[in-house]
Structures are given as C-alpha cells and as structure tokens.
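Shown next, in the form of structure tokens:
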C-alpha cells in the first residue's frame, strides 16, 4: 500500500499477552498466517501485558530505524488497551499508525458459528440460547463492540443471543447463563468470544453452561481481518496525505500524526 519502490509498513500484531503456552503459539501463528496471505509483508508481534516485547518497545525500535509501521490490535474489541496503551505508543512516534480492533466483523461471527456447530449446537433450534462470552472491559466502547457482535450472531441464530463477561463488565457469564435458563432456554451454549486459550477460557467451563465452544483461533479468516485492518489504516494515511498536499505526487514517505487518522 506504500508508494512504488518503497517497502510496505511493518505490520505490528499487538495482542494482550498470555502465560498459556498454547495461546502464545496461536497468536504467533496468526501473524505468520497474515504473512502467508500477503507474501513479502513484514510482520512482528507486540503485547500490552503479561509478556514481552511491549508495544511501546517495538514501536520505538522501528521508529529509531526509520521504519514505518502499522499497529493492528489483535483484540476483539476496542477498550483500554486499544485507546490508551496502543494509542499512547503510537502517539509517541508520528511515523507509526494504529488500526482499529479486529471486531466487530461478520467473519468473526462466522467463526463463532463454526465453533458453535462444532460442539453440536443447532442454529435453527429456538430453545438453544447462546451467551457470547468475552473477557470484559470497563470501557463502554469495548462492551458495545461485544454487544454488536452478539447482534450480528443473532441474525443467524433462532434462539436468544446475549452477552456475558469474565471481568469488569456486567452481566457475568454465570449470571447471563442463569438469566437465559430463567427465560425458558432448554439448553445454553457459551460461545467463547476469545482468541486463544487462557485464564478466561478456563473459567468458562465452570460457568454452568451445557456446552462451551473453543476459542476463535486458529482460523485463516481472522488473519484476513488482521490484514484488512492494516490496509484500512494505510489507505487512510494515503488519503490524508493527499488532502494535505493536493499538488504533490502521492506518497507514504510522509505519515500524518495518529491523531489525524481514524484508528
């Protein structure tokens, strides 16, 4: 997406971080899958918590080399980590852009449907309720993103679809399951709206549902979403540069401040 003859910006896939070894492997494989879909694209990983390297360190290192970068949150909704941690790292280096979170996105909903069918849940059964279970955030923007995802899933599900959270937001997953049963559901299935195994997914097994799905990864559709977020950020930068300098040849050698870009 950069000017002819210049390298594409590095895609910095920025995840939350986990101590779970399978979770770490799946996040690493996601960045590799994006590279497979886009041969020649340079990708690297960064994290906002738990494990190194931090997004601040990665962005600072690339900026010191004069290497343009796009930080794509490997997060399912836009909350504190997107709007504070990642935004802060990007704001410190004007040669870096940030993209929006992976969700909401219809492809993520399709993955949820795949996981639901894999555990034997029937989308056409009106007596089967689904609780979309997310990690949770105190940021209302993150909660709104999860609710939007549940609304998208409801379009393909005959029974009721609601949300539940592992922390920081309400209702909790056990409360959401209990509410679904009280409303008449014969079976309640938790759709794990989580990228990879870890603490929150482990807790879902104790929440009281009849079935619990696997996390979203691995799935190539998520790598495609990652690339779309990257492309959208690059295209926004290109348009902004063209508006600022309408009489100049369009180039991404000049990158606008992140404040000028919808991330």
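In my numbering, the protein residues as written are 5 to 267.
Cβ atoms here follow ideal geometry from the backbone N, Cα and C, with glycine treated the same way.
| task | Please indicate yes or no: does the CB of residue 38 lie closer than 8 Å to some heavy atom of the ligand SAM? | result | As for the ligand SAM, it is missing from this structure, which has no ligand bound.
| Any idea what DSSP makes of residue 262, helix, strand or coil? | Per-residue confidence for residue 262 stands at a pLDDT of 36, beneath the threshold of 50, marking its modelled position as unreliable; the derived number appears in the next sentence. Of the three classes helix, strand and coil, the one that applies to residue 262 here is helix, per DSSP.
| query | Can you list, in chain order, the stretches of the alpha helix (DSSP H) that have 4 or more residues and sit fully within the stretch 168-195? | reply | 177-186
| Bounding residues of the alpha helix (DSSP H) (the contiguous stretch that carries residue 100) | Note, residue 100: premise wrong, no alpha helix (DSSP H); beta strand (DSSP E) at 100-102.
| said: Check this for me: beta carbons of residue 31 and residue 115, under 9 Å apart or not? | reply: no
| request: Please go through the same chain and pick out, in chain order, the residues whose beta-carbon is closer than 6 Å to the beta-carbon of residue 166, but skip the five residues on each side of it. | output: Excluding positions up to five away in sequence, the list reads 135, 180.
| message | Along the chain, where does the beta strand (DSSP E) containing residue 137 start, and where does it finish? | response | Where residue 137 is concerned, the enclosing beta strand (DSSP E) stretches over 132-138.
| query | residue 52 lies in the alpha helix (DSSP H); which residues open and close that run? | reply | Element bounds for residue 52: n/a, residue is neither H nor E.
| query | Would you say residue 193 and residue 244 are within 9 Å of each other, going by their C-beta atoms? | reply | no
| field | Three-state secondary structure assigned by DSSP to residue 17 | value | Judged by DSSP in its simplified three-state form, residue 17 adopts strand.
| query | Relative to the alpha-carbon of residue 56, which residue among 127, 153, 20 has its alpha-carbon at the smallest distance? | reply | 20
| said: Let's test the definition: count the other Cβ atoms within 10 Å of the Cβ of residue 246 and tell me whether it reaches 16, buried, or not, exposed. | reply: exposed
| query | Between residue 118 and residue 223, is the Cβ-Cβ spacing less than 9 Å? | reply | yes
| task | Could you please give me the residues that DSSP links to residue 215 through a beta bridge? | result | 193
| request: Pick out whichever of 144, 149, 95, 174 has its Cα sitting closest to the Cα of residue 105. | output: 149
| On the three-state DSSP scale, how would you describe residue 147? | helix
| Does the stretch 24-42 come close enough to the stretch 230-243 to have 3 or more Cβ pairs within less than 8 Å? | yes
| residue 41: buried (16+ other C-beta within 10 angstroms of its C-beta) or exposed? | exposed
| request: Under 7 Å Cβ to Cβ from residue 184, same chain only, skipping five residues before and after it: list those, please. | output: Around residue 184: 133, 135, 164, 166, 192.
| said: Give me, in chain order, the residues of the same chain whose beta-carbon lies closer than 7 Å to that of residue 71; leave out the 5 immediate sequence neighbours on both sides. | reply: 14
| Distance between residue 215 and residue 152 (C-alpha atoms, nearest Å) | Their Cα atoms are separated by approximately 22 Å.
| request: Taking residue 156 as the reference, give the member of 92, 145, 175, 113 with the closest Cα. | output: 113
| task | May I ask you to report which of helix, strand or coil DSSP gives residue 247? | result | helix
| said: Starting from residue 73, trace the alpha helix (DSSP H) in both directions and tell me its first and last residue. | reply: Per DSSP, residue 73 lies in no alpha helix (DSSP H) segment; the continuous beta strand (DSSP E) that holds it begins and ends at 73-78.
| task | Assign residue 26 to one of two classes, buried (16 or more other C-beta atoms within 10 Å of its C-beta) or exposed (fewer than that). | result | Under this definition residue 26 is an exposed residue.
| Chain-order list of residues whose beta-carbon lies under 7 Å from that of residue 221 (same chain, five-residue window excluded) | 30, 34, 199, 200
| query | Between residue 260 and residue 49, what straight-line distance do the alpha-carbon atoms span, to the nearest angstrom? | reply | Low confidence applies to residue 260: its pLDDT is 38, below 50, so where it sits in the model is not reliable, and the reading given next is rough at best. One C-alpha to the other measures close to 23 Å.
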